[in-house]
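In our numbering, the protein residues as written are 222 to 284. Encoded as structure tokens, the structure appears first; notes follow it.
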């Protein structure tokens, strides 16, 4: 089946508009905020991983 260039352009534009509308709805959807416990836990884990990768405590303090 042959589709003209105009039809291809229109179909592509419609698809882009649908994707933009979907992305807009996803951005507007309310997400539950992470709990304080989760936030603190993630920071401790990141710091611990950084601390474990350093040869001395002095290099960690310098950051």
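Ideal Cβ placement from N, Cα and C applies to all residues, glycine included.
By Cβ distance below 7 Å, which residues in the same chain neighbour residue i in space, the five residues on each side in sequence not counted?
i: residue 254; result: none
Please go through the same chain and pick out, in chain order, the residues whose beta-carbon is closer than 6 Å to the beta-carbon of residue i, but skip the five residues on each side of it.
i: residue 251; result: none
Could you name the residues of the same chain whose beta carbon sits closer than 8 Å to that of residue i, not counting the 5 residues immediately before and after it, in chain order?
i: residue 232; result: 224
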